[in-house]
Structure formats: structure tokens, C-alpha cells
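Numbering (the working numbering), first residue to last: 51 to 466. For each residue, glycine too, the CB sits at the ideal point set by N, CA and C.
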């Protein structure tokens, strides 16, 4: 009997233990189901962690075992579809250089999770291509004029054409990344198709050197030294040996200093001061000095380019009646429609002599206006064709110097 009661007690204890264990397990499962673990909310990025462009999109996906309630990126709430347990997001951004943090917060009905992602912005540094040490321009042109001799309206005008050739070359010796020493040369001469005008042909030569520094006190600095020579064609038929040769007319030495300041690619200012020491070969009357100051500005607005230039000259010659002051205002605009360039330009020159001219008994005042309309076509990176329509009008208190000249010019330009 005793053993029967003992067996019954053991069976009772076993039943209580088994039922109690099942009850605890059921409660534990119920608690786990009612509180979702952060590890069961998945946040993963689908866009790169390193970018070379500042603007772009940060992409990520969110997945959970219960419906999503809240999704935030750096504190800003994103749209969540009702009862959705998975979603994909695309967030636009503009990165700063270096590390950029994206903090993602996700909340579901049963839990929440926060995760931080890093996007590194490393812009590609463009290596400046060093310009070739030798560069230059070759320009061939033809000018057709209805008043080639610039005679006054009351006289018979001469219509004629002339050809021009310009050769310009420069060789740069780099000192370092910021500075260079350059040797440059210019040669320009014209040839009249009407050979009776051979005495009006001009040869211009210039050779100089220049030192430039790209960053000197925030400016692009340059200074130059050189010589220029103007020669006129000798048309004296009484001397056959020298007939048709160019003879020096003016020789001058120049010293210049200038600076340029740019604000991005849209606006720039420039200033240049040049001092010339001039020698008139055949006479001493125009020997002396000339001071030239030039102030320029350029700006860009979309495909439009605008430029302006103000130039002032003042001379001090041996003959006081040859001294003058002049100002030049040069303004223009161009529109670029690749490969075409259309331009409009206006120049106004005012020349005031300082003393009375013995020949005319006047203190000469000359005013010249030049209007031009030009078209250029670049059929390669180095070759350009151009057409200019130009009108030159000069007024003066000396009637013999008043004239109007209409021109059209064809040009071929090769740059190397």
C-alpha cells in the first residue's frame, strides 16, 4: 500500500514538472514574438561607399518580419507604404569632400534599429596638361577696301585689295609650376594687289622676352622687354637697286608690366603699363617716349562673351608739335554656337595733339569710329575661317583728314 502511494506521488510530481515547463516555454515564445530583435530588421546599402562626383543618390533597402512604421535618414522621415515589411529608398545628395554620414533609423510594430553608413567623396583631381613649349599663329588675310588711301569724301576714292600675312611664335622655358620665361617673335607685312600702291606697304617686326608668374599676391603677373621695328616699302624708281625694298622707319624699345585677376571662369580684369623709347630713323622730330596704359575686362554669360578695353597713350617727342594724347575705347560681344562664332565690335579713338601744327595752323583733333561684324568657323581645333564686315569713319578739325572707308576681310587662321 505504501509503495502504491509513493508511485502515485512520483507520477504527480512528474506531471506537474512537465506541464510547468510547457507553460514557461509557451510564455517565453509569446514574449519573443511580441518583441522583435534588432537583428531581425535588415538595413543594407545598394549604392557605392566611395564616390568621385559630389552630386548623386544614396540607395538602401529595409526589410523586417513585421510591418514598417517609420524610416528616417539623418532625421528626415521617408514615405512608408502601409503594411509593407520591405522597402527601397533613393535619396539625392550633394557630398562634401571626405566622409559623409547617413544615419538610418527604422521602427516596426515590434522593434526598432539604427545604423550609420559612410560615403566617402574623393573628387578626381584634374591634372593640368602642360602647354607645349612652342606655340604660335599663322594668319593669312585679304582686305577689300573702297577707300584704300583714306581720302576725304570730296576726292576720288581708290578701291583696291591687299593681302596680309601674320606670323607669331613663342617658346616658353618653364621655371617651375607657377612661373616661366618666354621668347616671342612677330612678323607682319602686307602686299597691295595694285602695284601702283607699293609705297604704302608696311613691314612690322617684333622680338621680345617675357617673365610670367601665375600666382603672385593673388594675381597673374607678367613683365616684358623687347624691340619693334616698322619699315616702309621704298618705291623710288630712280634707284633700281633699292626699289621695292623695305627700309626702317621707326625703331623702338619697350618695357611692360601687367597683371590679371580672374574670378572663376566668368569674369576677369587686366591692367598693363608699357613704356616705349622711340627712334624715328629719317628725322629726329618724333624721337622720344610713349607711355601706354591699358585696362581690360572680360565676362562670360552662357554662350555669350563680353569684353571691354580702355587704352590711353601719351607721347613726349623732340618736336613739340608732334606730341599727342589719345584714348581708345574697344567694346565687343560674341556668341558661340560651336563650331560658329558670331561677333560685334565697336572702337572709338580720340586723338588730341598738344600743340599747334605749323602746316595747318591747327591743334589737331581726330576722332575715329570703327564698327565691325564678324563671323568665324572653326573646322578643326587649330584651323579657323573668318569674314569681317567693317566700316571706318574719321572726323577731324582738319578737313583733309576726314574720310569713310568700307571694308570686307577674309581670314584663314592656323594655330599651333
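Residue range 148 to 158 is occupied by the beta strand (DSSP E) that includes residue 158.
With contacts defined as CB atoms closer than 8 angstroms, residue 152 and residue 167 qualify as a contacting pair.
Residues of the same chain with a CB within less than 7 angstroms of the CB of residue 465, apart from the 5 flanking positions on each side, are 187 and 432 in chain order.
When Cβ pairs closer than 8 angstroms are counted between the two stretches, the region 181 to 201 is seen not to touch the region 129 to 138, the count staying below three. With contact defined as three or more Cβ pairs closer than 8 angstroms, the region 405 to 415 and the region 423 to 430 are not in contact. A buried status is given to residue 372, since no fewer than 16 other beta-carbon atoms sit within 10 Å of its beta-carbon. Counting every other CB atom within 10 Å of its CB across the protein chains shown gives residue 104 a total below 16, marking it as exposed.
Residue 326 places its beta carbon 8 angstroms or farther from that of residue 368.
With a cutoff of 8 angstroms on beta-carbon distance, residue 276 and residue 259 are scored as near each other. For residue 90 and residue 108, the gap between their C-alpha atoms comes out near 23 angstroms. Take residue 391, set aside five residues on each side of it, and the residues of its chain with a beta-carbon closer than 6 angstroms to its own are 384 and 426, in chain order. Judged by DSSP secondary structure, residue 121 falls within the beta strand (DSSP E) whose first and last residues are 118 to 123. Collapsing the DSSP output to three states places residue 430 in coil. The beta carbons of residue 412 and residue 456 sit about 27 angstroms from each other, so the pair does not count as a contact at 8 angstroms.
Residues 315, 316, 317 and 356 of the same chain have their beta carbon placed closer than 8 angstroms to that of residue 350, with the five preceding and five following residues left out of the count.
Inclusion of residue 306 and residue 280 in the CB contact set at 8 angstroms is not warranted, their separation being larger than that value. Within the region 167 to 255, the runs of beta strand (DSSP E) that reach at least 3 residues and sit entirely inside it are, in chain order, 184 to 195, 210 to 224 and 229 to 242. The C-alpha of residue 256 lies about 30 angstroms from the C-alpha of residue 267. In this structure, the straight-line span from the alpha carbon of residue 429 to that of residue 415 is close to 44 angstroms. A Cβ-Cβ separation of about 16 angstroms leaves residue 145 out of contact with residue 175 under the 8 angstroms criterion. Here residue 308 is buried: its Cβ has 16 or more other Cβ atoms, across all protein chains shown, within 10 Å. Following the DSSP letters along the chain, one finds residue 330 inside the beta strand (DSSP E) bounded by residues 317 to 330. Boundaries of the beta strand (DSSP E) around residue 362: 354 to 367. With a 10 Å radius around the Cβ and a threshold of 16 neighbouring Cβ atoms, residue 163 comes out buried. For residue 466, no beta strand (DSSP E) run applies, since DSSP gives it neither H nor E. Under DSSP, residue 112 shares a beta bridge with 93 and 137.
Cα atoms of residue 397 and residue 451: separation of roughly 18 angstroms, rounded to the nearest angstrom. Excluding the 5 residues flanking it on each side, residue 387 has same chain C-beta neighbours closer than 8 angstroms at 353, in chain order.
Counted as a single uninterrupted DSSP element, the stretch harbouring residue 129 is not any beta strand (DSSP E), since DSSP gives it neither H nor E.
Each residue's CA atom was taken as its position, placing residue 304 and residue 232 some 16 angstroms apart. Look at residue 449 here: in three-state DSSP terms it is helix.
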